[in-house]
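Residue numbers for the sequence shown follow our numbering, beginning at 6 and rising by one. The beta carbon of each residue, even a glycine, is placed where N, CA and C say it ideally should be. In this text, all values refer to a predicted model and were calculated from it rather than measured experimentally. Structure record follows, encoded as structure tokens.
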Amino acid sequence: MERPVLRMGHPELRRVAEPVTASELGTAHIASLVEDLWDTMEARGGVGLAATQIGEPRRVVVFGMEWSARYPDAPAIPRTVLVNPVIEPFDDEMEEAWEGCLSVPGMRGVVPRHRRIRYRGLTPEGAPLSRDVEGFHARVVQHECDHLDGILYPMRMTDMSRFGFEEELAGVLGMQDCPPD
Ligand code: NI
Numbered sequence: 006m007e008r009p010v011l012r013m014g015h016p017e018l019r020r021v022a023e024p025v026t027a028s029e030l031g032t033a034h035i036a037s038l039v040e041d042l043w044d045t046m047e048a049r050g051g052v053g054l055a056a057t058q059i060g061e062p063r064r065v066v067v068f069g070m071e072w073s074a075r076y077p078d079a080p081a082i083p084r085t086v087l088v089n090p091v092i093e094p095f096d097d098e099m100e101e102a103w104e105g106c107l108s109v110p111g112m113r114g115v116v117p118r119h120r121r122i123r124y125r126g127l128t129p130e131g132a133p134l135s136r137d138v139e140g141f142h143a144r145v146v147q148h149e150c151d152h153l154d155g156i157l158y159p160m161r162m163t164d165m166s167r168f169g170f171e172e173e174l175a176g177v178l179g180m181q182d183c184p185p186d
């Protein structure tokens, strides 16, 4: 079921989400939360969504993107549900790129992120999942996991001159290749 997406300023978005407990893994409650996340993300054309964005303060994120003609420079990301995710950067190398967020509708900003990370977590059934990724995939996962700690991408920005309404930024280099996550 599609759910309303909370927007920046809503106090629930600043909450630190609670881990999913072992006894909840594989339950209908978690399956229903995950289904709502997919339905909401897909209805809004997003690349990822965190449970906190629909007012559920639990450590669950979904993300994924097929190659799209709308964003030809963004590589495909496998459709993934991650419960209780943990991120380890490989090194100090950072990379800047445009981001958007379904909780900050109509806007885009340039955000520095770790270029290469390993992420680990569980599937909703409790199976371990670990991937080493870089670039756009790494960026999306960092963005979604930040939501679980109450962090929205403008809070990670270092240059507010590269923050604005996407309609106004339409001609700016690279901005059009950035789907909202
Ligand atoms: Ni977001």
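State the Cα-Cα distance for the pair phenylalanine 96 and arginine 120, rounded to the nearest angstrom. Looking at the sequence shown, residue 96 is not phenylalanine but aspartate. Between aspartate 96 and arginine 120, the C-alpha separation is close to 8 angstroms.
Chain E contact for proline 9 (CB, 8 angstroms cutoff): Absent from the structure: chain E. Only one protein chain is present.
With distances taken from CA atoms, which of Val177, Met13, Val65 is nearest glycine 126? The residue with the shortest Cα to Cα distance from glycine 126 is Val65.
Same chain only: Cβ atoms within 6 angstroms of methionine 160, ignoring 5 sequence neighbours per side: Cβ contact annotation for methionine 160 (same chain, cutoff 6 angstroms, sequence separation greater than five): none.
When you compare the CB positions of glycine 105 and arginine 84, do they come within less than 8 angstroms of one another, or not? In this structure, arginine 84 does not lie closer than 8 angstroms to glycine 105 by Cβ.
According to DSSP, aspartate 96 sits in a beta bridge with which residue or residues? Answer is none; aspartate 96 lacks a bridge partner.
Residues near tryptophan 72 by beta carbon distance below 6 angstroms, same chain, minus five either side: If we look at tryptophan 72 and ignore the five residues flanking it on each side, its Cβ neighbours are Ala81.
Through-space distance from valine 109 to arginine 167, alpha-carbon basis: Looking at the two C-alpha atoms, the distance is approximately 15 angstroms.
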